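Here's the structure we're looking at; comments come further down.
Chains as they are written, first to last, in full-length UniProt numbering: chain A, 1 to 492; chain B, 1 to 492.
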């Protein structure tokens with residue numbers, strides 16, 4: 001594995017190890033330095049020669065996600081075409097003691113696909129069928145290659161949609177594996193709330209249907225909730241080969257709105273007030289003054305440079321008018337200004353441009369830098385204090401960063417800019433992110449609202465859940481994956 | 001244990017073994033025939049003498065729930081006053097190899113509290129404090145003695161409520177243990193969706209906080225979902241000693257409505273149509289012609305004797321008017337008649353009287369009989385066929401029964417009347433219930449939507465989830481309860 005010391009070798013993994021492009025690729029990958037020729041042949045027998053690669057470029061591409069975690073390439077990448085092949089691949093790897101890493105769109109943010117112990121990366125994107133749509137039952141069964149946008153395109157004329165939206169066009173099974181959520185969670189819930197059943201290939205190749213084969217009922221009290229156990233397990237317990245998802249009626253109409261506040265406290269108070277008033281807001285996003293300023297510069301806009309809320313409402317025309325009016329009254333009560341709203345798709349896009357382009361606008365603050373996103377979530381009442389602390393910490397750290405978040409859930413992201421070649425700056429970023437995680441824990445929060453634990457937050461997880469919960473998680477892992485080969489080095 | 005053979009002794013448990021009042025109590029309980037005097041003394045040291053009982057009457061009272069499962073009294077009942085005592089009790093029992101059975105309000109419907117192997121029943125109702133209310137965070141922490149009605153009384157002036165409503169005034173921690181739901185689930189979800197964190201005493205006495213001590217965030221992607229694992233585990237993995245629950249804004253206004261349909265199909269089609277139209281119905285209950293007839297007789301009403309829907313809407317006055325109009329239009333499109341609605345609390349109660357009194361009205365069809373409730377749940381599109389089949393099966397069985405259900409979730413109950421002294425009739429009832437369970441499974445459904453597996457549905461659970469899922473459930477159980485002492489004989 002060239003210069004890359006494994007997590008186990010180094011004893012401690014840096015949260016944000018630097019990618020080293022150039023020297024033999026990111027991290028100096030050599031061709032196929034671990035797997036025997038015979039093993040690679042066995043992979044080819046299962047999936048066919050064209051669907052196995054040990055080329056350095058391919059391995060590099062599969063050794064990282066969108067985070068700053070250093071590329072850790074697998075030793076081989078395979079593309080199974082069906083669940084039987086996934087099962088045979090798992091059984092082969094498990095029998096030979098080779099690590100297995102599931103791979104979807106690679107859009108994760110916590111290094112979940114990094115092959116820290118090498119092994120075989122199972123790229124599931126060739127399995128991309130929508131297997132079953134049950135419009136009357138509000139359910140659909142998708143293979144792991146189906147992304148959320150592809151599903152929603154497929155659903156376009158059905159009057160239904162799948163609302164969980166983490167931003168990236170991630171695969172739905174990957175979103176299930178991560179326990180993803182995003183902007184719509186305040187109204188429609190997270191993946192935890194919207195997965196009805198999973199087909200999982202266990203590390204040893206056995207096939208599990210978490211809620212029973214082919215079942216897609218809306219609720220059940222039958223036995224332990226295995227679906228819930230696999231959602232958010234980050235590929236460490238098995239490979240998700242299909243997901244049965246809960247669909248929702250497509251909104252009859254949509255209205256977007258934005259407004260600016262004198263203080264962070266006022267923006268959060270408005271949010272709580274809107275939720276308490278049972279306004280069924282579909283999205284309620286917070287953007288701080290830095291994001292707004294960045295957006296103004298980047299998109300040549302003229303938004304107020306102030307803490308802002310971006311809202312979206314779903315419903316009938318009549319219901320929307322009422323929701324909008326209530327939200328505006330509440331916001332104004334808390335000192336909001338510049339309340340704007342838009343109904344037509346194009347107008348809505350323009351109004352929400354700052355939110356949609358926030359990532360690129362922030363990136364443009366320091367061209368050439370990489371972005372890193374923190375992901376804490378706290379009880380909403382504690383949001384003002386942690387947001388104020390975070391802005392102070394940010395200033396003290398000397399880092400460039402901006403804050404946005406799913407304020408209705410108490411979940412926010414601090415987007416930090418860093419030169420990955422600058423070890424000192426990377427160190428400051430790591431310290432900042434860790435401090436933020438601890439601040440969230442101190443306020444009864446979690447170190448990750450939606451990105452998962454992956455590689456970088458394992459220490460924080462221990463602090464968050466405590467020794468007994470960790471012991472039970474380890475026991476669950478050991479029971480399902482006694483050889484520790486399923487996406488090793490993640491979560492625990 | 002007198003005449004009572006344990007499940008293990010008899011090899012097979014009858015679903016509905018008859019209670020035998022008279023001969024030494026239900027099942028012939030003798031005083032304290034298993035636990036040593038020393039052990040009982042040790043219990044008393046932990047909780048204090050007045051909080052331990054081995055009296056036959058007390059043990060009998062704790063040996064059954066509201067189901068027809070035969071009374072299986074524990075050997076002793078203890079009332080701990082705090083979590084430390086629960087922990088010490090568990091450690092004592094576990095160390096001595098004595099079964100532990102958690103007990104709340106005893107309102108379960110699947111024999112979950114029956115002490116099939118004797119042991120110590122831990123009655124948690126003395127721990128009845130509401131520990132923490134966080135109105136801004138929409139969360140509350142309750143001890144196991146707090147019932148849902150007690151919580152909602154406490155919340156009366158807060159503008160919040162806890163909507164999960166299984167009918168009985170069950171304890172909230174018991175509802176978490178069972179994975180309860182009920183009439184509001186179609187809008188507000190089940191316990192699985194509304195438990196944020198659990199404090200659990202593990203069988204060996206260790207204390208677990210499933211989402212970390214004191215945490216009450218709204219969402220998280222941190223590690224395996226232990227909260228989800230314990231919700232619905234029916235006391236077989238540990239004792240829930242507090243639950244952090246998600247609260248909802250109390251509805252600003254409520255409207256109730258009822259209507260009658262020419263066929264079951266029309267009632268179900270209306271339901272699907274209402275859900276597809278995104279009308280945020282809070283309750284949508286189905287009552288068949290038999291229930292309606294029984295209610296007319298019992299409550300001297302004059303409702304149409306036809307398949308009927310009972311609806312409830314929550315929202316602002318303006319939103320309600322629109323919801324009501326849409327629902328009425330849809331129902332009428334599907335041939336509904338007698339559409340009535342009511343706004344004021346008293347009127348609403350009168351309108352919904354048939355639903356509220358359904359159990360008693362059905363019981364009155366054959367005075368002196370016991371009631372047994374089936375609990376299957378199917379994809380909503382399969383409801384008409386299973387309801388029609390069930391009515392035919394009912395007729396063929398010669399049993400008296402009526403159907404009602406949470407039709408928006410595909411979950412329905414067949415309430416059967418049986419003379420518990422008539423072995424032949426009990427046999428027919430068992431056969432009917434089993435057939436219904438298998439019909440639900442054949443239609444991609446579940447054998448229990450909300451009552452749980454308990455004693456009677458263990459065989460159906462195996463058929464529902466399959467061998468691999470059963471193996472994993474057994475493994476989870478063995479990991480957390482290696483001696484098999486935690487509510488033994490249930491679920492698995």
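The beta carbon of each residue, even a glycine, is placed where N, CA and C say it ideally should be.
Note that the structure is predicted; figures quoted are calculated from it, not measured.
Check                                                                                                                                                                                                 : Outcome
For residue 487/B and residue 462/A, I'd like the C-alpha separation in whole angstroms.                                                                                                              : 29 Å
Helix, strand or coil for residue 167/A, going by three-state DSSP, please let me know.                                                                                                               : coil
Could you work out which residues of chain B lie near residue 475/A, taking near to mean beta carbons separated by less than 7 Å?                                                                     : 479
At 9 Å on the CB atoms, spell out the chain A contacts of residue 215/B, in chain order.                                                                                                              : 379, 441, 444, 445, 446, 464 and 465
Thinking C-alpha only, which one of 393/B, 114/B and 437/B is nearest residue 72/B?                                                                                                                   : 114/B
For the 8 Å Cβ check, are there 3 or more pairs between the stretch 138-153 of chain B and the stretch 234-248 of chain B?                                                                            : yes
Tell me whether residue 75/A is buried or exposed, calling it buried when 16 or more other Cβ atoms sit within 10 Å of its Cβ.                                                                        : buried
Closest by CA to residue 270/A, which one among 304/A, 209/A and 310/A?                                                                                                                               : 310/A
Going by DSSP in three states, residue 234/B sits in which element: helix, strand or coil?                                                                                                            : coil
Which residues, in chain order, does the stretch 38-63 of chain B contribute to contact with chain A at a C-beta distance below 8 Å?                                                                  : none
Can you grab the Cα-Cα spacing for the pair residue 79/A / residue 227/B, in whole Å?                                                                                                                 : 35 Å
Jot down the residue ranges of each uninterrupted beta strand (DSSP E) in the stretch 207-265 of chain A, minimum 3 residues, whole runs only, in chain order.                                        : 207-209, 239-246 and 253-260
If you follow the beta strand (DSSP E) that residue 370/B is part of, which residue opens it and which one closes it?                                                                                 : 370-373
Below 7 Å, is the gap between the Cβ of residue 46/B and the nearest heavy atom of the ligand PLP?                                                                                                    : The ligand PLP is not part of the structure shown, which contains no ligands of any sort.
Taking DSSP as the reference, what is the three-state secondary structure of residue 468/A?                                                                                                           : helix
So which residues on chain A does residue 190/B lean against when the C-beta distance must stay under 7 Å?                                                                                            : 219
Rounded to whole angstroms, what's the CA-CA distance from residue 147/A to residue 255/A? Just pull it up for me.                                                                                    : 25 Å
Using the Cβ count rule (16 or more neighbours within 10 Å means buried), how would you classify residue 36/B?                                                                                        : exposed
Given this structure, state the Cα-to-Cα distance separating residue 203/B from residue 275/B, to the nearest angstrom.                                                                               : 43 Å
State the Cα-Cα distance for the pair residue 196/A and residue 319/B, rounded to the nearest angstrom.                                                                                               : 30 Å
Excluding sequence positions up to five away, which residues of its chain have a Cβ less than 8 Å from the Cβ of residue 409/B?                                                                       : 181, 185, 186, 377, 380 and 449
Closer than 9 Å between beta carbons: that is the criterion. Which residues of the stretch 300-318 of chain A meet it against chain B?                                                                : 314, 315, 316 and 318
Put residue 312/A into one of helix, strand or coil per three-state DSSP.                                                                                                                             : strand
Starting from the C-beta of residue 334/A, find all residues in its chain whose C-beta is less than 8 Å away, skip the five residues before and the five after it, and write them out in chain order. : 261, 266, 267, 269, 270 and 273
DSSP state of residue 418/B, grouped into three classes?                                                                                                                                              : strand
Are residue 139/A and residue 216/A closer than 8 Å when you measure CB to CB?                                                                                                                        : yes
Could you tell me which chain B residues have their CB closer than 9 Å to the CB of residue 89/A, listed as they occur along the chain?                                                               : Neighbours of residue 89/A on chain B: none; closest Cβ ~18 Å, over 9 Å.
For residue 140/B, report the span of its beta strand (DSSP E) as first-last.                                                                                                                         : 139-142
Within the continuous alpha helix (DSSP H) that includes residue 295/B, where are the two ends?                                                                                                       : 289-299
I need the boundaries of the alpha helix (DSSP H) containing residue 121/A, first residue and last residue.                                                                                           : Taken as a continuous stretch (DSSP letters only), residue 121/A belongs to no alpha helix (DSSP H), being part of the beta strand (DSSP E) at 120-123.
Taking the C-alpha atoms as reference points, what is the distance between residue 388/A and residue 50/B?                                                                                            : 52 Å
Just how far apart, CA to CA, sit residue 289/B and residue 301/B?                                                                                                                                    : 14 Å
With distances taken from CA atoms, which of 100/A, 250/A, 459/A and 399/A is nearest residue 365/A?                                                                                                  : 399/A
What did DSSP end up calling residue 283/A once you bin it into helix, strand or coil?                                                                                                                : strand
What in chain A is Cβ-close to residue 233/B, meaning under 7 Å?                                                                                                                                      : 224
Going straight from the alpha carbon of residue 484/B to that of residue 305/B, what length do you get?                                                                                               : 50 Å
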